[in-house]
Amino acid sequence: MLDRIVGSRRATEGNGHLAVEAGLITDATQLAAGRPTPWQTVQTARNIARPHALDIIGRVFEHFQELHGDRAFRDDPAIVGGIAELEGRPVIVVGQQKGSSTEENIVRNFGMPYPEGYRKAMRLYRLAQKFHLPVVTLVDTPGAYPGPEAEERGQAEAIASSIQLMTRLAVPIVVVVLGEGGSGGALALGVGDVVLALENATYSVISPEGCAAILWRSASEAERAAVAMKLAGPDLLETGVADALIREPAGGAHTDHEATAAAIKSALIPQLDRLSRVPVADLLSLRYERFRSFGMFVEPDGSTAPMPAQPWWRRILKNPLEKGGL
Amino acid sequence: MLDRIVGSRRATEGNGHLAVEAGLITDATQLAAGRPTPWQTVQTARNIARPHALDIIGRVFEHFQELHGDRAFRDDPAIVGGIAELEGRPVIVVGQQKGSSTEENIVRNFGMPYPEGYRKAMRLYRLAQKFHLPVVTLVDTPGAYPGPEAEERGQAEAIASSIQLMTRLAVPIVVVVLGEGGSGGALALGVGDVVLALENATYSVISPEGCAAILWRSASEAERAAVAMKLAGPDLLETGVADALIREPAGGAHTDHEATAAAIKSALIPQLDRLSRVPVADLLSLRYERFRSFGMFVEPDGSTAPMPAQPWWRRILKNPLEKGGL
Amino acid sequence: MRLRNPFGRKTKEFPSHLWTQCPSCGEMLFNKQLERNHRVCQKCGHHFKLGALERIELLADPKSFSETDAAIVSSDPLGFVDSKPYPERIAAAQAKSGHKDAVLTGDAQISGVPVVLAVMDFEFMGGSMGSVVGEKLTRAAERAYADRKPLVIVSASGGARMQEGTIALMQLAKTVAAIARLDEAAIPFISVLTDPTTGGVLASFASLGDIVLAEPGALIGFSGARVTSETIGEKLPKGFQRSEFLLEHGFVDQVVPRTQLKERIAFFLNSFRIAGQDLRWSL
Amino acid sequence: MRLRNPFGRKTKEFPSHLWTQCPSCGEMLFNKQLERNHRVCQKCGHHFKLGALERIELLADPKSFSETDAAIVSSDPLGFVDSKPYPERIAAAQAKSGHKDAVLTGDAQISGVPVVLAVMDFEFMGGSMGSVVGEKLTRAAERAYADRKPLVIVSASGGARMQEGTIALMQLAKTVAAIARLDEAAIPFISVLTDPTTGGVLASFASLGDIVLAEPGALIGFSGARVTSETIGEKLPKGFQRSEFLLEHGFVDQVVPRTQLKERIAFFLNSFRIAGQDLRWSL
Ligand SMILES: [Zn+2]
Ligand SMILES: [Zn+2]
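So, in structure tokens, the structure goes:
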């Protein structure tokens, strides 16, 4: 009766646009034995000494010039963005910005953007599109700020619009999850052609504490929730949420910002090289399929139902790039 | 030495897209003798009993459904807009809204929009473009609100962006100045293919009081300023700021809202009929020329300078509409 | 909430299978009459939640609704277990609601206009969006795109379904990607927000309608009011995150009483004829 | 403003043709040195207003500036007379400033990148925009469009020129229409706001740069602070309508000290190669 399970994305079955390089981890078996537990990973991803967006931008790119403001309300310090060069080639880079001290965190609102932060990001995406610049986003947020002013100024609308814009933006987008990929507030920067994550980054629909409070009615069950939610690196590969992981220094990214940035830079260059040669129509169509194919469900005798779109990694076989050997 | 004066627009030389109908005044000689003075016209245009945007919308259009909000900050009551039908055909209508009592005026901020009002208008223009609906705007404002919150939220940016959007909006736009056309705050709704004005409307770069305070250093010279600024109906025809005037009832629009609305409706229908048959590229090109040609200056021996664009009423001869006899 | 009993009678005189008390005005409402009134309080206009079938009956022309993708059911991608396993929760919700998941989709006509219609049901696990809701809504949008028919979605949801983890989060991108293609093709999308529409559903397709309508008094917001209140450590203003609050802040085109919803949607559908289908203007 | 004299000397010891007092820190600045420092106070960094010629010298590569449309002069469309006739005001402004009107336009190179450059001069009737400014800026934008060269405009203006009435107002639409075509063609436009940029200039092209830069401490706003203050009947906050205020509120990309302005503009011009001219990405 249950004749097929559709839509599961697994890195092992294909990576679409991903340019696989030696440094990238595309399969959980490539990970070192003795992995930290999901809850340990949550702590590592939140470590205040972890390199944050500007730490990475300053080391990966040259000549970063920050651009400010949403042109409507405010410049949100929880999102930074601007123009920089990656080995001499200009890109637009946008990231959530946490602080590395309490004072900085107050200024940066602990990396929790207001709606105007997402609107600034959208302005920069449009600028990238206008001038044919690739986009790199750096995801690192506990989530979009949940305060009343954020509600008043349309947090949900800003996230929805940002996702919409990214799904159709006519330039390559590479997403790197640096630390916490917290819910819709992370996804608003997270729609790209290739999604990479640092080895100890997390990506989740809600914080483990929030999940535990709702489902177990106790925040102290957060550790169990972290396991159940499958939010850590190997899980992200398994579900296809991340196309590949970027290896961190042995002690974790917080022990060596330079090495972490170098690993990110090594990962980014081949991705952008590859993506910049894909015709825009193919880029958008494959980006659509990448997100279209998320979902695990059962469709009993789907013969009368319209066929779902083919999973994206099958389409990739038709990608002209594969033939040209670019 | 002074070999040419370029760029003056005069209604007598041509009206571009204007569909000339019996009810329209295209030449100051068609106006009744014994015209009110400019200062009297300023008073009439500001008369609180004059029909305001919603008074007109309710009488000219059917099935008006107001659409609210800028999707970012607030629904500004000083600008109203929505979808309505003009003899069964849908249009987007947007206008500044004054009150007809002190209480209403407090709610409507005396018809002085905040930036979010212009951003709501822009949202509706984009909606019109998306669904191929013509736009009608109703101008009636002392000016954009000059308070500090308006500055904080970017009054200038909102006006500039609104003007920019209207210059390239790919659907017909007809502007009707109902009462006060106050400065940039009016122009932000005032870029169209055809600009009409009620007989006693004004359109000025600054209020007469403001002009007098700056140039004569005395607001009591406002009457003189009103004359010097050439802001009233015959002047608007003379300078081409308005393509035509719509005749008001004998005592002025405030004495008869029904008759005023009927005159506006009679004027609008042929304009939209005509404009809806113009190919979009021609529409945009002629709209560009319409505003391009404003300006009076002297260019001594312009032979080495690039020729300025031809005034729009010469281009009109090339308009395919003229040949096809549509 | 303390409820007022206007007649001073004991509530046992109003057995709950026959009567419902209005949480807004306290009136005791006879269930049959409440249903006939589309679950709107006759006295104060309070809008009770409405099930998906009743909603379809309200909006679609009689017998015009033809369900699609009805068979899709949830699997358990993560093997998720909290106080009970996810599959047991699904089974319980199916038994309680009579639906396979939290949305019904299909082809329909609204006042004669052919549309793709999707209606969420809060009864099914709080209208939460997991793989099934995401897939059905995406297919609905794709069908609207392929058939060049307007899309109408009525939302009622607490947000993304936690039991599907990050895959639930990805449904935001999946549904929005499908809506974005409708947007590019200028195929109308009308989003109707009902009580409650929050979290991941509001932060995705529900906010992106060409026209966004809300029922009166519906709870609409990104963060749960509890989270927001804890964030600022104080009580929230009255009316916070209600339809009228969103109208004032510019995110909703109109607040429309349920009884007028069908004709209002029909008006907008008629205004937004799809390009090439409208001969009223020569544009 | 009360000025502080840091040396306690009498100001007559500083004849004004030789010395200028900084309105910000009170320092007495030797004029020649002030000019060498591009009219920035060496002590506190206060940015004095800069004339159009000095601005061009600051930004354009040596000898690269070639003026265009230099001959256009104002006529008197309205026959405008206030305390004196408009033509007399023009003549006085021409004599005072040495320019024919409030903007200079031309072709130039900035760090080797060919651009169309327009620079306003506040000395000429407060940098007000009438027909001549509107026409020259429009031609500059049209030349940038035709030649596919980036446009750089440095603004300094009190707004529209009242003496040209509604025709001055129409210059907002005229210049913006030309900028809008650049925008559609993805030809870069960098807008630099200097002290002061207000009224109709800020409410038109000056706000529409792909990149908007401002000099430190410049007055930038829509309404004059006097009008705003009268509107609310109270004093405005410190820093209101200054560059840094606009940066905080999201309308300016960067506040750039004058000495860094040229290299910063060059960086952005190099980032925004015009489509078809950039071989760095294969996009
Ligand atoms: Zn009630
Ligand atoms: Zn100083």
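Just so you know, the sequences run in chain order A, B, C and D. Just so you know, we're using my numbering here: the first sequence kicks off at 50 and counts up by one. Just so you know, we're using my numbering here: the second sequence kicks off at 50 and counts up by one. Just so you know, we're using my numbering here: the third sequence kicks off at 4 and counts up by one. Just so you know, we're using my numbering here: the fourth sequence kicks off at 4 and counts up by one. Cβ coordinates follow ideal geometry from the N, Cα and C atoms, glycine included. Predicted model, so just to flag it, every value in this text is computed and none were measured.
field: Within chain B, the residues that G203(A) reaches when beta carbons sit closer than 7 Å
entry: R120, A121
task: Would you check if the segment 266–284 of chain B and the segment 307–315 of chain B touch, i.e. whether three or more CB-CB distances between them fall below 8 Å?
output: In this structure the segment 307–315 of chain B does not lie against the segment 266–284 of chain B, because fewer than three pairs of beta carbons, one per stretch, are closer than 8 Å.
- request: Could you confirm whether any beta carbon from chain B is found closer than 8 Å to the beta carbon of D150(C)?
  value: Output row for D150(C): interface = no.
task: Would you mind stating whether Y174(B) and A207(B) have Cβ atoms separated by less than 8 Å?
output: no
query: What did DSSP end up calling D305(A) once you bin it into helix, strand or coil?
result: If DSSP states are grouped into helix, strand and coil, D305(A) belongs with coil.
message: My assumption, with CB atoms under 8 Å, is that D64(C) sits in contact with S114(C). Please give the rounded CB distance.
response: 7 Å
query: Between the C-alpha atoms of H112(B) and I132(B), what's the straight-line distance to the nearest angstrom?
result: Take the alpha-carbon of H112(B) and the one of I132(B): they are about 8 Å apart.
- prompt: Taking Cβ positions only, does E115(A) come closer than 8 Å to chain B?
  reply: no
message: If the criterion is Cβ atoms closer than 8 Å, does the pair C25(C) and K52(C) meet it?
response: no
In DSSP terms, what Q24(D) is bridged to: Its beta-bridge partners are M31(D).
query: Near P283(B), what residues of its chain come up, given a Cβ to Cβ distance below 8 Å and the 5 sequence neighbours on each side ignored?
result: The residues are A77, L80, R84.
Length at least 3, wholly inside the segment 217–241 of chain B: the beta strand (DSSP E) runs in chain order: 222–231
For S69(D), three-class secondary structure by DSSP: strand
message: Just to confirm the assignment, what range does the alpha helix (DSSP H) spanning Q97(D) have?
response: Counted as a single uninterrupted DSSP element, the alpha helix (DSSP H) harbouring Q97(D) occupies residues 89–100.
task: Over the uninterrupted alpha helix (DSSP H) stretch that includes A176(C), give me the two end residues.
output: 168–187
- prompt: Is G218(D) near ligand 2, judged by its Cβ being under 7 Å from some heavy atom?
  reply: Before going further, note that residue 218(D) is Glu rather than Gly in the sequence given. No, since every heavy atom of ligand 2 falls outside the 7 Å radius drawn around the Cβ of E218(D).
query: With which residues is Y252(B) paired in a DSSP beta bridge?
result: G230(B)
task: Run the proximity test for S158(D): is its beta-carbon closer than 7 Å to any non-hydrogen atom belonging to ligand 1?
output: no
- request: Assign R39(C) to buried or exposed, taking buried as 16 or more other Cβ atoms, counted over all protein chains shown, within 10 Å of its Cβ.
  value: exposed
Environment of L21(C) [buried if 16+ CB atoms lie within 10 Å]: exposed
message: For I212(B) and T186(B), which I take to be in contact (beta-carbon distance under 8 Å), what is that distance rounded to the nearest angstrom?
response: Contact flag wrong, Cβ pair sits at about 12 Å.
task: Report the option in A144(C), N273(C), F225(C) whose CA atom is closest to the CA atom of I156(C).
output: A144(C)
task: Spell out whether any CB of chain D is found under 8 Å from the CB atom of P195(B).
output: The Cβ of P195(B) sits closer than 8 Å to at least one Cβ of chain D.
message: ligand 2 and E153(A): does any heavy atom of the ligand fall closer than 7 Å to the residue's C-beta?
response: no
- request: Please indicate yes or no: does the CB of K46(C) lie closer than 7 Å to some heavy atom of ligand 1?
  value: yes
- request: Assuming A209(D) contacts S194(D) (C-beta within less than 8 Å), just tell me the rounded distance between them.
  value: 5 Å
task: Starting from the Cα of A316(B), find the closest Cα among A82(B), Q89(B), R95(B), F110(B) and give me that residue.
output: F110(B)
- request: Answer yes or no: does any C-beta atom of chain D fall closer than 8 Å to that of W265(B)?
  value: It does: the Cβ of W265(B) has a partner Cβ on chain D nearer than 8 Å.
Interface residues of the segment 73–106 of chain D facing chain B [CB-CB below 9 Å]: A73, A74, I75, V76, S77, S78, D79, P80, L81, G82, F83, V84, D85, S86, D104
query: Is there contact here, the segment 195–206 of chain B with the segment 244–264 of chain B, by at least three beta-carbon pairs under 8 Å?
result: Counting Cβ pairs under 8 Å, fewer than three are found: no touch.
task: Would you mind sorting Q263(C) into buried or exposed? The rule is 16 or more other CB atoms within 10 Å of its CB.
output: Around the beta carbon of Q263(C), a 10 Å sphere encloses fewer than 16 other beta carbons of the protein chains shown; the residue is thus reported as exposed.
task: Using only alpha-carbon positions, find the residue among T234(D), G236(D), F248(D), D110(D) that is nearest to L216(D).
output: F248(D)
message: Cβ closer than 8 Å: which chain A residues qualify as neighbours of H252(D)?
response: G118, F122, R123, D124
- request: Would you be able to state if there are at least three C-beta pairs under 8 Å between the segment 225–242 of chain B and the segment 170–182 of chain D?
  value: A contact exists between the segment 170–182 of chain D and the segment 225–242 of chain B.
- request: List the endpoints of the continuous alpha helix (DSSP H) containing E111(A).
  value: First-last for E111(A): 111–115, but that is the beta strand (DSSP E), not the alpha helix (DSSP H).
field: Three-way DSSP call (helix, strand, coil) for Q45(D) in this model
entry: coil
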